[in-house]
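> Please read through the structure below; I'll follow up with questions.
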Amino acid sequence: MTVPIPSKIHYHKKARELELSYADGESHRLPVEYLRVYSPSAEVRGHHPSQAVLQVGKKDVGLKNIEPVGRYAVKLVFDDGHDSGIFSWEYLFELIEHREAYWADYLQRLEKAGASREPLGIEIKQL
Numbered sequence: 212m213t214v215p216i217p218s219k220i221h222y223h224k225k226a227r228e229l230e231l232s233y234a235d236g237e238s239h240r241l242p243v244e245y246l247r248v249y250s251p252s253a254e255v256r257g258h259h260p261s262q263a264v265l266q267v268g269k270k271d272v273g274l275k276n277i278e279p280v281g282r283y284a285v286k287l288v289f290d291d292g293h294d295s296g297i298f299s300w301e302y303l304f305e306l307i308e309h310r311e312a313y314w315a316d317y318l319q320r321l322e323k324a325g326a327s328r329e330p331l332g333i334e335i336k337q338l
C-alpha cells in the first residue's frame, strides 16, 4: 500500500500539535507529546520490543525544529533534547491511523508502571 505524502506540515506551537495536510484535502493534527512518546528512535523503541523505554513526563514537550530527510521523512527536534527519530511518511500515517489505540495503550502502560505524563521536577527552558 502506498501512503500519501504530506503536501504541507505546520507546527501549531500554542496547541503543541503537528498538522499534516495532504493533496486530497485531508488534514490531521497530532499532539507533539504523542509523537515524542512514539518516536521511532532506538533510544525510545530499542532494537527489540522488549527494549522499549516507556517515556514519562512528556505532557508539555514541544518542537524546536522540523527537518526534511530526503523525500521520505522528517526529523523532529523536540524541546526536551530528543532529536534522534526519523519519522517516515509511512510511520506518520501509521500514527494517524492508529492514534486512538496507540494512545490508549500508552496511557495503560503509564498506569501499570505507576508513572505520569506530568513533567518531573522543575523544567528549565532557555530563552
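If you count by the working numbering, then the sequence shown holds residues 212 to 338, one letter each, in order. Beta carbons: idealized from backbone N, C-alpha and C, even for Gly.
For Gln-319, I'd like the list of residues in its chain whose CB is within less than 7 angstroms of its CB, leaving aside the five on either flank, ordered along the chain.
The residue labelled residue 319 in the question sits at position 108 within the sequence shown. Excluding positions up to five away in sequence, the list is empty.
> Could you tell me the alpha carbon to alpha carbon distance between Trp-300 and Tyr-283, rounded to whole angstroms?
Taking the first residue of the sequence shown as 1, we reach residue 300 at position 89. Taking the first residue of the sequence shown as 1, we reach residue 283 at position 72. Those two C-alpha atoms are separated by around 6 angstroms.
> Could you check where the beta strand (DSSP E) with Tyr-222 kicks off and where it finishes?
In the sequence shown, the residue the question calls residue 222 occupies position 11. First-last of the beta strand (DSSP E) with Tyr-222: 219 to 223.
> Any idea what DSSP makes of Lys-275, helix, strand or coil?
Locating residue 275 in the sequence shown gives position 64, where the first residue counts as 1. Strand, per DSSP.
> Taking its Cβ as the centre, do 16 or more other Cβ atoms sit within 10 Å of Pro-251, making it buried, or is it exposed?
As a working note, residue 251 is residue 40 in the sequence shown. It is buried - the Cβ of Pro-251 has at least 16 other Cβ atoms within 10 Å.
> Note down the Cα distance separating Ile-277 from Val-285, rounded to an integer number of angstroms.
Numbered from 1 along the sequence shown, position 66 holds the residue referred to as residue 277. Numbered from 1 along the sequence shown, position 74 holds the residue referred to as residue 285. Each residue's alpha carbon lies about 7 angstroms from the other.
> Does DSSP put Val-285 in a helix, a strand or coil?
The residue labelled residue 285 in the question sits at position 74 within the sequence shown. Three-state result, Val-285: strand.
> Check each candidate in Arg-256, Gly-268 and Pro-217 and name the one with the smallest Cα separation from Glu-244.
Counted from its first residue, the sequence shown places residue 244 at position 33. Among Arg-256, Gly-268 and Pro-217, the Cα nearest to that of Glu-244 belongs to Gly-268.
> I need the DSSP call for Ile-297, collapsed to helix, strand or coil.
Looking up residue 297 in the sequence shown gives position 86. In the structure shown, Ile-297 sits in a strand (DSSP, three-state: E or B).
> In this structure, does DSSP put Glu-329 in helix, strand or coil?
For the purposes of this step, residue 329 is taken as the residue at position 118 of the sequence shown. Glu-329: coil per DSSP, three-state reduction.
> For Glu-230, which residues does DSSP report across the bridge?
Counting from one through the sequence shown, the residue named residue 230 turns up at place 19. Answer is His-221 and Arg-240.
> Using a 10 Å radius around the Cβ and a threshold of 16 neighbouring Cβ atoms, would you call Arg-240 buried or exposed?
On the sequence shown, position 29 is the one that residue 240 refers to. Exposed is the call here.
> Does Val-214 come out as helix, strand or coil in the three-state DSSP assignment?
Looking up residue 214 in the sequence shown gives position 3. Coil at Val-214, not helix or strand.
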